[in-house]
Amino acid sequence: MPAITKFTGKAVALPIQDIDTDQIIPARYLKTISKDGLAINLFNDWRYLPSGEPNPDFVINKPEHAGATILLAGDNFGCGSSREHAPWALMSYGFKAVVSTSFADIFCNNSLKNGLLTVIVDQATHRKVIELAQADANLQLTIDLENQQFVLPDGSSVEFPIDAFSKKCLLAGVDQLGYLQNQMTAVKGYESRVGDRVRSM
Amino acid sequence: MSQPRTITEKIWDDHVVTHEPGSPAVLYVDLHLVHEVTSPQAFQGLRDRGIKVRRPDHTMATLDHSIPTTDTRLQIIPDEIARKQVDQLRINCKEFGVPLADLGSIDQGIVHVIGPELGLTQPGLTVVCGDSHTSTHGAFGAIAFGVGTTEVEHVLATQCLLQNKPKTHEVRFEGPAPKGVGAKDLILALIAQIGVGGGTRHVFEYTGEAIRALSMEGRMTVCNMSIEAGAKAGLIAPDEKTYEYLKGRPRAPRGADWDAAIERWKQLVTDPGATYDRTTIVDVTKLEPMVTYGTNPGQGVGITQAVPDPANIADASQSAGVKKALEYMDLEPGKPILGHPIDVVFIGSCTNSRMGDLREAAAVFKGRKVAPGVRAMIVPGSEKIKKQAEEEGLPEIFRAAGAEWRQAGCSMCIAMNGDQLSPGQYSVSTSNRNFEGRQGKGGRTFLASPATAAASAIKGAVADPREFLV
Chain A
803 MPAITKFTGK
813 AVALPIQDID
823 TDQIIPARYL
833 KTISKDGLAI
843 NLFNDWRYLP
853 SGEPNPDFVI
863 NKPEHAGATI
873 LLAGDNFGCG
883 SSREHAPWAL
893 MSYGFKAVVS
903 TSFADIFCNN
913 SLKNGLLTVI
923 VDQATHRKVI
933 ELAQADANLQ
943 LTIDLENQQF
953 VLPDGSSVEF
963 PIDAFSKKCL
973 LAGVDQLGYL
983 QNQMTAVKGY
993 ESRVGDRVRS
1003 M
Chain B
13 MSQPRTITEK
23 IWDDHVVTHE
33 PGSPAVLYVD
43 LHLVHEVTSP
53 QAFQGLRDRG
63 IKVRRPDHTM
73 ATLDHSIPTT
83 DTRLQIIPDE
93 IARKQVDQLR
103 INCKEFGVPL
113 ADLGSIDQGI
123 VHVIGPELGL
133 TQPGLTVVCG
143 DSHTSTHGAF
153 GAIAFGVGTT
163 EVEHVLATQC
173 LLQNKPKTHE
183 VRFEGPAPKG
193 VGAKDLILAL
203 IAQIGVGGGT
213 RHVFEYTGEA
223 IRALSMEGRM
233 TVCNMSIEAG
243 AKAGLIAPDE
253 KTYEYLKGRP
263 RAPRGADWDA
273 AIERWKQLVT
283 DPGATYDRTT
293 IVDVTKLEPM
303 VTYGTNPGQG
313 VGITQAVPDP
323 ANIADASQSA
333 GVKKALEYMD
343 LEPGKPILGH
353 PIDVVFIGSC
363 TNSRMGDLRE
373 AAAVFKGRKV
383 APGVRAMIVP
393 GSEKIKKQAE
403 EEGLPEIFRA
413 AGAEWRQAGC
423 SMCIAMNGDQ
433 LSPGQYSVST
443 SNRNFEGRQG
453 KGGRTFLASP
463 ATAAASAIKG
473 AVADPREFLV
C-alpha cells in the first residue's frame, strides 16, 4: 500500500445525507471475485440513465468535475452494508478522500484499511466547503494526514480526528495484518488458556 | 469486588488477547461465518501471501447471497458471474479446509439463520462475518458484528481483529407490546426514533419487558436491524429461552459441558450499578404495527399514520432527506400510507425468514387469496426451515393463496440473484433495507413485519395486520 502523507486535490460536492453503500455500488455488481474494475459502477443508479447513458445532471458526470479526488458528502456517509466494494469503487474511480460530518463505522474501517481517507469536519466547515465547491468546480483542497489538517483555499485549516493506529499505518504505507501476525505468540497463549469456546467441525 | 460491568464489557474483556498502548486491542474471534460475496478477495489475499486459514474449526461457510431460489438451482445457476462466485467459494473452502454448507446440504441457508440453527451461535462469544447483519447473533448474548473483506482476511489469517473498545447504549423497550405489535415493529420504531446514525460506534443492549417477552426468533429480528441504526452490534442478555433454543443443537455443548456452559452463561448479565454510555427508552405501549415510507429504515411510521410532510420538518437536512425519499417513492406528503397499492410482497431475509415468521404469515394467508396482480414470494431462511415448514403444511397454505414457495437464500432482500423488483414497482418486504434500488433498480420498498406483508398481499395494498388477527 502506498504511503499517504499530504495531498492537494480537486473537490466535488454530493451533499446528500445518509448515502448508503447500495448507492455507492449496488449489490448486483458484487458478484465479482476481484477488487478491480469497480469504478464503472460507482454510484451506478444515480450516474446512469435507464438507457445506460451517463446522466448529465449527476454532478460527478459533469465535465468540469472530471479528475476530482476529494468527495464532499452529507452526514452518515457509507451507511448500510459491510461491502468493501464501496471504498474499492471510490478509489478505483480516483477518489483519495471523502469529507463529511460523520461516517458509518464499517465504511470508515474499510476505507482506512485501503488508504481512502475519511475526513470528519464540523457542520460549519462542512457547509462552507460545500458552498465553495458548488461555486468553483476547480476548488482545490489539501489534506495533511501527518498533521491531521484539512486545509481550505484561503489557507485556513481545521483539525480532523483519525484513529492513531490507522494513521500510523497509512503514513508508513503498511497494512494492518502484519501487526496481527506479530502477535501470534500471545494469540497461541490465549488459545491454550481459554480453549475452544465453539467448534464448527 | 470488581467494578460493575455491562454484558458487553464482560464479553469484550474475555476476548482481549493483548492491548498495547497506542494500538487497538487484539480481539479474539470465536466464530467466523463466511459467504460467497465478501470472501473471495480475502481468500485470494491469503493465497498471495502464502498463508493458511489459521482456525478452520472456528470458521463456517455457506452460500446465500448470489444463489438462485429456484427449484432447479442444483442443476443450473444461469447467471455465469454468480456461478463463478459460487464455485470460487467451493474452491476456497476445499483448498483452505473450511467447512461449507453447500447447496443441497441440510445445513445450507442464510448465514445469520444457520449459525444459531447449528448451535454455533452461543452466549458470550465473539462472532464476525463479512456482512453487516451479523448483529443478528447478538440475540444470544454474543458480541457479533459485520466486517469488511480486509478484516475477513485478518480473521482467516489470525483468528483475531484489531478493535477499539465500543461504547455501550442501552435500548430499553418499556411496557408490554400491544396486540399486533411484534419484533419487527419494535426495531422499526427504535430506528424511526433515533435515526439511521443513532447507534454509531455503540453496542446496543436491548432490555425491558417487551424484549424478554420475545421468542429467540423475535430477538434475532431485533438484533438483526441494530446496524440499520448504525450500531456496531446489538445484544440481549441470555435467559432460559436462550438455553432452551440451544439445547440439543448440533454444535451446542453436551453433557457436563452443557452444565458448565449454563453456569458461564448465567454470568452474562449487566451488573447492578454498571453504567451505559447512552440510554434510549422506547415506549412500547403506544406503538402500532410499523411501516417505512422512505428510502432508509429510519423513515418509518405507525401503519395508520400519514406520510410526513418535509415542509413540517424543522431540521433542514432531514427535511431534504425526506423530500428526496418521497420523490423516489412517488408518495404524497400528508397522505395515509395505508391502502397504497403494491405489486410484490417478499417474505424472507435474515430479518424475517424463520419458522415463527412463516407461521405468522401463514396464519394470515390461510383460507385467503393473494390480490390479483400481486406477486407474493415466500423464501425460507434455511434448508432446515424449509423442511420443517413442509412438515407443518405451510407451503400448501401459501400455494393455495397464490404465493410462491421458494428455496432458501437472501433472495429479494438484496436482489443479486435475479429475484428483483422492476423499475417503479412497490413491494411490502420483511427484509431490512428500503434503500433506493435495494430490491432492484428503480424498485420501491415498504419495510414491515411478516403479518403486515401477508395482510398487504391479500389486500393488494399496504394493510393493517390487526384486521386479520383472530
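For the protein sequence lines, the chains are A and B, in the order given. Position 168 of the first sequence, counted from 1, bears residue number 970 in my numbering, the numbering being contiguous throughout. Position 212 of the second sequence, counted from 1, bears residue number 224 in my numbering, the numbering being contiguous throughout. Ideal placement from N, C-alpha and C gives every residue a C-beta, glycine not left out.
Cβ-heavy atom distance, residue i to the ligand HEM, below 7 Å
i	result
residue 467 of chain B	The ligand content of the structure shown is nil, which means the ligand HEM is not present either.
Spatial neighbours of residue i in its chain, beta-carbon cut-off 8 Å, leaving aside the 5 residues before and after
i	result
residue 316 of chain B	300, 348, 350, 476
residue 399 of chain B	118
residue 331 of chain B	322, 323, 325
C-alpha distance - residue i paired with residue j, whole-angstrom precision
i	j	result
residue 244 of chain B	residue 146 of chain B	10 Å
residue 382 of chain B	residue 376 of chain B	10 Å
residue 14 of chain B	residue 284 of chain B	12 Å
residue 912 of chain A	residue 162 of chain B	7 Å
residue 921 of chain A	residue 974 of chain A	19 Å
residue 92 of chain B	residue 423 of chain B	17 Å
residue 242 of chain B	residue 904 of chain A	11 Å
residue 996 of chain A	residue 834 of chain A	38 Å
residue 823 of chain A	residue 878 of chain A	11 Å
residue 219 of chain B	residue 182 of chain B	7 Å
residue 968 of chain A	residue 168 of chain B	20 Å
residue 881 of chain A	residue 844 of chain A	15 Å
residue 452 of chain B	residue 430 of chain B	9 Å
residue 354 of chain B	residue 916 of chain A	42 Å
CA nearest to the CA of residue i, picked from the options
i	options	result
residue 234 of chain B	B/346, B/184, B/63, B/259	B/184
residue 342 of chain B	B/456, B/163, B/67, B/173	B/456
residue 923 of chain A	A/962, A/833, A/880	A/962
residue 30 of chain B	B/176, B/396, B/104, B/417	B/176
residue 1008 of chain A	A/890, A/896, A/927, A/844	This structure cannot settle anything about residue 1008 of chain A, because the visible part of chain A is limited to 803 through 1003.
residue 827 of chain A	A/857, A/858, A/808, A/892	A/892
residue 153 of chain B	B/71, B/254, B/164	B/254
residue 433 of chain B	B/398, B/389, B/402	B/389
residue 837 of chain A	B/54, B/44, B/45, B/46	B/54
residue 419 of chain B	B/344, B/79, B/441	B/79
residue 106 of chain B	B/197, B/72, B/132	B/72
residue 875 of chain A	B/445, B/329, B/335	B/329
residue 1002 of chain A	B/462, B/44, B/179	B/44
residue 216 of chain B	B/259, B/266, B/156, B/174	B/156
residue 411 of chain B	B/338, B/445, B/373, B/425	B/373
residue 417 of chain B	B/82, B/179, B/311, B/471	B/82
residue 851 of chain A	B/454, B/459, B/464	B/454
Per DSSP, the bridge partner or partners of residue i
i	result
residue 350 of chain B	Per DSSP, none; premise fails for residue 350 of chain B.
residue 456 of chain B	B/438
residue 295 of chain B	B/186
residue 900 of chain A	A/873, A/920
residue 764 of chain A	Examination of residue 764 of chain A is not possible in this model, given that chain A is present from 803 through 1003 alone.
residue 305 of chain B	Beta-bridge pairing links residue 305 of chain B to no other residue.
residue 387 of chain B	B/356
Beta carbon of residue i nearer than 8 Å to that of residue j
i	j	result
residue 814 of chain A	residue 988 of chain A	no
residue 953 of chain A	residue 931 of chain A	no
residue 309 of chain B	residue 409 of chain B	no
residue 231 of chain B	residue 223 of chain B	yes
residue 141 of chain B	residue 123 of chain B	yes
residue 189 of chain B	residue 296 of chain B	yes
residue 112 of chain B	residue 130 of chain B	no
residue 280 of chain B	residue 19 of chain B	yes
residue 115 of chain B	residue 85 of chain B	yes
residue 237 of chain B	residue 829 of chain A	no
residue 68 of chain B	residue 108 of chain B	yes
Close beta carbons around residue i, own chain, < 7 Å, minus the five adjacent residues each side
i	result
residue 855 of chain A	none
residue 98 of chain B	48, 75, 78, 79, 89
residue 250 of chain B	135, 152, 153, 277, 280
residue 447 of chain B	307, 308
Contacting residues, own chain, Cβ-Cβ under 6 Å from residue i (five flanking each side not counted)
i	result
residue 210 of chain B	241
residue 928 of chain A	903
residue 395 of chain B	118, 120, 121, 420
residue 150 of chain B	156, 235, 245, 246, 247
residue 415 of chain B	382, 388, 390
residue 894 of chain A	840, 841
residue 864 of chain A	none
residue 40 of chain B	27, 29, 172
residue 291 of chain B	182
Cross-chain neighbours of residue i in chain E, by beta carbon under 8 Å
i	result
residue 911 of chain A	Absent from the structure is chain E; the protein chains it does hold are A and B.
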